[in-house]
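The structure under discussion appears below in the form of structure tokens.
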Amino acid sequence: DTEVTQTPKHLVMGMTNKKSLKCEQHMGHRAMYWYKQKAKKPPELMFVYSYEKLSINESVPSRFSPECPNSSLLNLHLHALQPEDSALYLCASSQGEFSYEQYFGPGTRLTVT
Amino acid sequence: GEDVEQSLFLSVREGDSSVINCTYTDSSSTYLYWYKQEPGAGLQLLTYIFSNMDMKQDQRLTVLLNKKDKHLSLRIADTQTGDSAIYFCAETGTASKLTFGTGTRLQVTL
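Line by line, the protein sequences are chains L and G. Note that the first sequence covers residues 1 to 113 in our numbering. Note that the second sequence covers residues 1 to 110 in our numbering.
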């Protein structure tokens, strides 16, 4: 099973809302990632968790707050977002941090109104 | 920092071969990858090549690596309409993280 699942598939939220994106994998991978992808652009790395600890934060604004409750789950908590944060948010996982095979989920399409 | 470049668009006829090219600047790249992204979907890892190899074949896919020129290519034989997508090359090197290319949109016409 090489599946990474993400919920919800689509999310529309106002600038004052608080919402969360969820990601799950059952491949026993110990590294999980959040990427942001704008239209017609490549994914941009946001956060990396390795063995459930935050390893990399690519200078992401604090209105994005990641959480790794256990080795299979990764959340991204959203609060006070801006319209320019509208994008496809992709979760990925790999055996180890930046080990050669990263498996991506289908993404959550976020629209901030 | 590392830079990975691709041409933006490629159009081929169904049944022909497609060749998607990629150039990178990081001479310490260890692994190089090809990902496929269909509209509204996540990224699917198609294949990867280790930097000490110069070719890898996997069914209809052939990856060629010219390390001297820092050039990577993906050849898709007998291209089908289902191959229409955006293709990203990516590499891991000095910074360890995955650095993506700009993406090439492949259009397959009948």
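We treat Cβ as the ideally placed atom computed from N, Cα and C, and that holds for glycine.
8 Å Cβ cut-off: residues of chain G touching Gly96 (chain L): Near Gly96 (chain L) there are no residues of chain G at all, since even the closest Cβ is about 11 Å away, more than 8 Å.
Starting from Val4 (chain G), trace the beta strand (DSSP E) in both directions and tell me its first and last residue. Note, Val4 (chain G): beta strand (DSSP E), Val4 to Gln6.
Residues bridged to Pro66 (chain L) by DSSP? DSSP lists L:Leu76 as the beta-bridge partner residues of Pro66 (chain L).
Give a yes or no on whether the minimum CB-CB distance between Leu65 (chain G) and chain L is below 8 Å. Not closer than 8 Å to any Cβ of chain L, the Cβ of Leu65 (chain G) fails to qualify, so no.
Under a three-way DSSP split, which group does Glu91 (chain G) fall into? In the structure shown, Glu91 (chain G) sits in a strand (DSSP, three-state: E or B).
I think Val4 (chain G) touches Thr99 (chain G), with their Cβ atoms under 8 Å apart; what is that distance to the nearest whole Å? With a Cβ gap of about 6 Å, Val4 (chain G) and Thr99 (chain G) count as contacting.
DSSP three-state label for Thr81 (chain G), please. Three-state DSSP puts Thr81 (chain G) in a helix.
Have a look at the DSSP bridge pairing and note the partners of Met32 (chain L). In DSSP, Met32 (chain L) forms a bridge with L:Tyr49 and L:Ser93.
For Gly70 (chain G), the nearest candidate out of G:Ala77, G:Ser51 and G:Gln80 (CA to CA): The sequence given here has Lys at residue 70 (chain G), not Gly. Lys70 (chain G) has its Cα closest to that of G:Ser51, out of G:Ala77, G:Ser51 and G:Gln80.
Sub-8 Å separation of Leu90 (chain L) and Tyr49 (chain L) beta-carbons: The answer is no: Cβ separation not under 8 Å.
Is it right to say Tyr35 (chain G) is buried, meaning 16 or more other beta carbons lie within 10 angstroms of its own, or is it exposed? Tyr35 (chain G) comes out buried.
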